[in-house]
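> All letters in the sequence shown, in the order written, are residues 8 to 185 by the working numbering. Below is one structure. I have some questions about it.
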Amino acid sequence: MTAALLALAAVLLRPRHRPSFPVARSGPSGRGGGGTATVDEAAVALAMLAAVLRGGSGAVEALEAVAAVDDGPAGAELAVVAAAHRWGEPPARAWEHVGPGWAPAAAAWQAALSAGAAPSGLVEAAAERVQAAEGRRVEASIERAGVLLVLPLGLCFLPGFLATTVVPVVLLLLGGLR
């Protein structure tokens with residue numbers, strides 16, 4: 008729901024002129040070369056991009072619209088991709104300028120544009136794949152953390168268990184043998 012509202016805002020608030028390259032984005036807005044987008048940020052940006060594309064916007068215009076609305080690193084990276092498209096670079100090279108987290112989006116984008124199809128469905132599917140992969144990664148990390156927590160707890164409770172259960176039984180058995 009939030010992504011759809013942001014995409015609608017991106018379409019309504021997109022600039023009417025078409026810049027040939029993005030303006031430098033450093034300053035108080037937090038944009039600039041300050042890193043790459045996280046997986047969640049990329050997934051949200053891709054969902055917005057799919058919504059803008061479904062709204063009838065062109066491919067490069069949709070990239071620019073989402074970049075204009077997203078103040079984070081994902082918006083800055085999409086602005087770089089849009090600028091590369093405006094400069095006439097092929098889609099494969101345009102997506103090379105951003106981080107490796109955008110690989111599913113780049114593959115979907117290239118497949119759609121080479122087939123002459125609208126990229127909205129493929130971009131949305133890429134967003135879902137990115138979110139699913141991140142969910143699996145987080146789940147595996149949580150399971151690993153559980154295992155790593157059990158080991159120290161086991162080492163802490165093992166002496167107490169031995170002292171209160173095993174040692175008395177062994178002493179009783181040894182006392183009964185004498």
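All C-beta atoms in this analysis are idealised placements derived from N, C-alpha and C, irrespective of residue type, glycine included. Keep in mind the model is a prediction, meaning the values are calculated, not measured.
Which whole-angstrom value is the C-beta distance of A91 and R100, which I expect to be below 8 angstroms?
Translated into positions along the sequence shown, residue 91 becomes position 84. Translated into positions along the sequence shown, residue 100 becomes position 93. Rounded, the Cβ-Cβ distance is 7 angstroms, consistent with contact.
> Would you call the segment 41-48 in contact with the segment 73-80, where contact means no fewer than 3 C-beta pairs closer than 8 angstroms?
yes
> Mind checking whether S127 and L85 have CB atoms under 8 angstroms apart?
One-based indexing of the sequence shown puts residue 127 at position 120. One-based indexing of the sequence shown puts residue 85 at position 78. It is not a contact, given that the beta carbons lie outside the stated cut-off.
> Are the beta-carbon atoms of A50 and Q138 separated by less than 8 angstroms?
The sequence position of residue 50 within the sequence shown is 43, counting from 1. The sequence position of residue 138 within the sequence shown is 131, counting from 1. In this structure, Q138 lies closer than 8 angstroms to A50 by Cβ.
> Please name the residue, chosen from W109, A170, G65, that lies closest to R93 on a Cα-to-Cα basis.
Indexing the sequence shown from 1 puts residue 93 at position 86. Nearest option by C-alpha distance: G65.
> Span of the alpha helix (DSSP H) holding L165?
One-based indexing of the sequence shown puts residue 165 at position 158. Segment 127-168, the alpha helix (DSSP H) holding L165.
> Using a 10 Å radius around the Cβ and a threshold of 16 neighbouring Cβ atoms, would you call G95 buried or exposed?
By 1-based counting over the sequence shown, the position of residue 95 is 88. Exposed, because fewer than 16 other Cβ atoms sit within 10 Å of the Cβ of G95.
> Taking the alpha-carbon positions, what's the I149 to L158 distance?
Residue numbering aside, residue 149 sits at position 142 when the sequence shown is read from its first letter. Residue numbering aside, residue 158 sits at position 151 when the sequence shown is read from its first letter. Going from the Cα of I149 to the Cα of L158 covers about 15 angstroms.
> Assuming the contact rule is C-beta atoms closer than 8 angstroms, V105 and V87 should be a hit. Round their C-beta distance to whole Å, please.
Within the sequence shown, the letter at position 98 stands for residue 105. Within the sequence shown, the letter at position 80 stands for residue 87. Right, the Cβ-Cβ distance comes to about 6 angstroms (below 8 angstroms), so this counts as a contact.
> Rounded to a whole number of angstroms, what is the C-alpha to C-alpha distance between V176 and L160?
Here residue 176 is taken as the residue at index 169 of the sequence shown, counted from 1. Here residue 160 is taken as the residue at index 153 of the sequence shown, counted from 1. Taking the straight line from one Cα to the other gives about 24 angstroms.
> When we look at the beta-carbon of L155 and count the other beta-carbons within 10 Å, is it buried (16 or more) or exposed?
In the sequence shown, residue 155 corresponds to position 148, counting from 1. Burial call: exposed.
> Mind reading off the beta-carbon distance from W116 to P98? Whole number of angstroms is fine, and I expect it under 8 angstroms.
Position 109 of the sequence shown, counted from the first residue, corresponds to residue 116. Position 91 of the sequence shown, counted from the first residue, corresponds to residue 98. Contact holds; Cβ gap of about 6 angstroms.
> Leaving out five residues on either side along the sequence, give the residues of the same chain with a beta carbon under 6 angstroms from the beta carbon of V173.
For this step, residue 173 is matched to residue 166 along the sequence shown. Once the five neighbours on either side are set aside, V173 has no close Cβ partner at all.
> Identify the continuous alpha helix (DSSP H) that holds S64 and give its terminal residues.
Sequence index remark: in the sequence shown, residue 64 carries index 57 (1-based). S64 -> no alpha helix (DSSP H), and no H or E assigned at all.
> Take A69 and list the residues in its own chain whose beta-carbon comes closer than 6 angstroms to its own, dropping the five residues that flank it on each side.
The sequence position of residue 69 within the sequence shown is 62, counting from 1. Cβ neighbours of A69 within its own chain (closer than 6 angstroms, five residues either side excluded): L56, V59, L60.
> Tell me, please, whether the CB atom of A75 is closer than 8 angstroms to any CB atom in chain B?
Looking at the structure shown, chain B is missing, and only one protein chain is on hand.
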